[in-house]
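Residue numbers (the numbering used here), protein chains in the order written: chain A, 1 to 143; chain B, 1001 to 1143. C-beta atoms are modelled at their ideal positions from N, C-alpha and C, and glycine is treated no differently. It should be emphasised that the depicted structure is a prediction, and the values quoted were computed from it without experimental measurement. In what follows, a single structure is set out as structure tokens and then discussed.
Protein chains: 2
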Amino acid sequence: MLRIGELATKTGLTAHTIRFYEKSGLINASQRSESGYRYYTDTDVRQVEFVKTARKIGFSVDDVSTLLSIRVDKSNHTCHDVTEITQRKLNDVNEKISELLLMQQTLKILLNSCCGGPESATHCSIMEALDASNALKPRIIAE
Amino acid sequence: MLRIGELATKTGLTAHTIRFYEKSGLINASQRSESGYRYYTDTDVRQVEFVKTARKIGFSVDDVSTLLSIRVDKSNHTCHDVTEITQRKLNDVNEKISELLLMQQTLKILLNSCCGGPESATHCSIMEALDASNALKPRIIAE
DNA sequence: TATAAACTTAGAGTTAACTCTAAGGTCAAG
DNA sequence: CTTGACCTTAGAGTTAACTCTAAGTTTATA
Ligand SMILES: [Zn+2]
Ligand SMILES: [Zn+2]
Ligand SMILES: [Zn+2]
Ligand SMILES: [Zn+2]
């Protein structure tokens, strides 16, 4: 049986975060001492680690909540249920990557266009591009 | 001279956002009517468009603020000043992309491992992976 | 003149996931 | 018995960039 600080050390979370997860409905200490101290069993530890793993992969706290409800009642859920959540998350991630790749390309083009030197910015092509308002259309250019 | 609603329509922002940008120090109406209505000149419009362009590329409001202070006083700034901001932003973007690619790979591996079918999740390999806590180490696997 | 659309301000609410604070109780060691 | 580390709760603060509300004013139109 671990106290919250020990669990925190063990999992690499903070006690604050663990309490936050409790408030969010993700975890619960199996036991409380008379004085109110939380005590965690091995089973609790595994659940916290599940949460940590899922969060690290990128699942939201809400997703993790859903995944946990599947976890405690696997026989009443299907692989489809699980892949649905996972696929939705992958779609999110793909979309964010697309947006960031667009930004990346634009930023690279801007950087390539500017000398980056110690001279006055009066002729700076980055500033010009930002003023031109078509800086947003990165063209396919020989990298 | 445009009123804020017209400027909003023209730029695709909302009047709320334009006021927010004003509060953030990014823009200012050149004129106010006696009753307090904001009136924007062509120069103002260009500045708002600059802001919009920079925001779309991914620069933070703070970055845009800095870029604007360069813009109004180009001769006292250098190309280096501009590339510094741009490079820092590119670094941010690159880092986020890396994180997301890691998530993406993990999610893909999870999805590949699961049948996704209507059967009970009791044997689901995604759930197992989340429990295993080494789901986080996507290995280089034949795509 | 009356109505509606558009405008004004100050300030609160939203989102996600923490992160921290205050004020106080508990426990092991010396 | 006292010190210090650790624990408790409720609730506020953080971040970024909006987004919205309330209550009231102005302007254009019919
Ligand atoms: Zn230059
Ligand atoms: Zn330049
Ligand atoms: Zn299956
Ligand atoms: Zn499965």
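So which residues on chain B does Thr122/A lean against when the C-beta distance must stay under 8 Å?
Here residue 122/A corresponds to residue number 122 of the first sequence, with the count starting at 1. Correct list: Lys1074, Ser1075.
Closest by C-alpha distance to Arg1071/B, when choosing among Val1048/B, Leu1100/B, Ile1004/B
Here residue 1071/B refers to the residue found at position 71 of the second sequence. Each of Val1048/B, Leu1100/B, Ile1004/B was checked against the Cα of Arg1071/B, and the nearest Cα belongs to Val1048/B.
Quick one: is Gln104/A buried, meaning 16 or more other Cβ sit within 10 Å of its Cβ, or exposed?
The residue you call residue 104/A lines up with position 104 of the first sequence. Its Cβ being crowded by 16 or more others within 10 Å, Gln104/A is buried.
Any non-hydrogen atom of ligand 4 closer than 7 Å to Ser69/A Cβ:
One-based indexing of the first sequence puts residue 69/A at position 69. No; taking the cut-off as 7 Å, the Cβ of Ser69/A has no heavy atom of ligand 4 nearer than that.
Name the two residues that bound the continuous alpha helix (DSSP H) containing Gly5/A.
Here residue 5/A is taken as the residue at index 5 of the first sequence, counted from 1. That run of the alpha helix (DSSP H) goes 4-11.
Whole angstroms is fine: what's the gap from Ala8/A's alpha carbon to Ser1098/B's?
For the purposes of this step, residue 8/A is taken as residue 8 along the first sequence, with counting starting at 1. For the purposes of this step, residue 1098/B is taken as residue 98 along the second sequence, with counting starting at 1. Their Cα atoms are separated by approximately 27 Å.
Output needed for Gly58/A: all residues of its chain with C-beta closer than 7 Å, excluding positions within five of it in sequence on either side, in chain order.
Along the first sequence, read from residue 1 onward, the residue named residue 58/A stands at position 58. These residues qualify, in order along the chain: Lys89, Val93.
Within-8 Å CB hit, Pro118/A to chain B:
Locating residue 118/A in the first sequence gives position 118, where the first residue counts as 1. Answer yes: the Cβ-Cβ gap between Pro118/A and chain B drops below 8 Å somewhere.
Compile a chain-ordered list of the residues in the stretch 52-72 of chain A whose CB is closer than 8 Å to at least one CB of chain B.
Within the stretch 52-72 of chain A, the residues whose Cβ lies closer than 8 Å to some Cβ of chain B are Lys52, Thr53, Ala54, Lys56, Ile57, Gly58, Leu67, Ile70, Arg71, listed in chain order.
Does ligand 2 have even one heavy atom less than 7 Å from the beta-carbon of Ser125/A?
As a first step, residue 125/A is located in the first sequence; it is residue number 125 there, counting from the start. Answer for Ser125/A: yes, Cβ within range of ligand 2.
For His16/A and Asp1063/B, what's the separation of their Cα atoms in angstroms?
In the first sequence, the residue the question calls residue 16/A occupies position 16. In the second sequence, the residue the question calls residue 1063/B occupies position 63. Answer to the nearest angstrom: the Cα atoms are 33 Å apart.
Please report the Cβ distance between Cys114/A and Cys1079/B, rounded to the nearest whole angstrom; I am assuming they are in contact, meaning their Cβ atoms lie under 8 Å.
As a first step, residue 114/A must be located in the first sequence, where it is residue number 114. As a first step, residue 1079/B must be located in the second sequence, where it is residue number 79. Cys1079/B and Cys114/A do touch by the CB rule: their CB atoms are close to 5 Å apart, below 8 Å.
Listed by chain order, chain B residues near Asn94/A by CB distance under 8 Å
Working through the first sequence from its first residue, we reach residue 94/A at position 94. Scanning chain B for C-beta atoms nearer than 8 Å to the C-beta of Asn94/A yields Gln1104, reported in chain order.
Counting only C-beta atoms, is Phe1020/B closer than 8 Å to chain A at any point?
Residue numbering aside, residue 1020/B sits at position 20 when the second sequence is read from its first letter. Chain A contact via Cβ: absent.
Are any of the Cβ atoms in chain B nearer than 8 Å to that of Leu13/A?
Counting from 1 along the first sequence, the entry for residue 13/A is found at position 13. Residue contact check for Leu13/A against chain B: no CB pair falls below 8 Å.
How would you call Tyr40/A, buried or exposed, if buried means at least 16 neighbouring beta carbons within 10 angstroms?
Along the first sequence, read from residue 1 onward, the residue named residue 40/A stands at position 40. Its Cβ being crowded by 16 or more others within 10 Å, Tyr40/A is buried.
Could you check whether the Cβ of Val82/A sits closer than 7 Å to any heavy atom belonging to ligand 4?
To locate residue 82/A, count along the first sequence from 1; it is residue 82. Remark: the shortest separation between the CB of Val82/A and any heavy atom of ligand 4 falls under 7 Å.
Just mark Thr1153/B as buried or exposed, buried being the case when its beta carbon has 16 or more other beta carbons within 10 Å.
Residue coverage of chain B in this structure runs from 1001 to 1143, which leaves residue 1153/B outside it and unanswerable.
Beta-ladder partner(s) of Thr1083/B, from DSSP
Within the second sequence, numbered from 1, the residue matching residue 1083/B stands at position 83. Partner(s): none; Thr1083/B has no beta bridge.
So is Tyr1169/B buried or exposed if we call it buried at 16+ other beta carbons inside 10 Å?
Chain B is shown only over 1001 to 1143; residue 1169/B falls outside these bounds and no answer can be derived.
Note down, one range per segment and in chain order, each beta strand (DSSP E) of at least 3 residues found wholly within the stretch 1099-1140 of chain B.
None, since the stretch 1099-1140 of chain B contains no complete beta strand (DSSP E) of that length.
Can you give me the Cβ contacts of Ala1142/B inside the same chain, cut-off strictly under 6 Å, excluding the 5 residues immediately before and after it?
For this step, residue 1142/B is matched to residue 142 along the second sequence. Confidence is the limiting factor: at Ala1142/B the pLDDT is only 41, short of 50, which leaves the residue's position unreliable, though a coordinate-based value still follows. Within the same chain, Ala1142/B has no close Cβ partners at all.
Hey, could you find the ends of the alpha helix (DSSP H) Ala54/A is sitting in?
For this step, residue 54/A is matched to residue 54 along the first sequence. 42-57 is the extent of the alpha helix (DSSP H) around Ala54/A.
Tell me the residue span of the alpha helix (DSSP H) that contains Asp73/A.
Working through the first sequence from its first residue, we reach residue 73/A at position 73. Element bounds for Asp73/A: n/a, residue is neither H nor E.
Check whether the Cβ of Ala1121/B lies closer than 7 Å to any heavy atom of ligand 4, and answer yes or no.
Indexing the second sequence from 1 puts residue 1121/B at position 121. A distance criterion of 7 Å places the beta-carbon of Ala1121/B in contact range of ligand 4, judged by its closest non-hydrogen atom.
Taking 8 Å as the threshold (beta carbon to beta carbon), is Asp81/A in contact with chain B?
The sequence position of residue 81/A within the first sequence is 81, counting from 1. With its beta carbon less than 8 Å from one in chain B, Asp81/A belongs to the interface.
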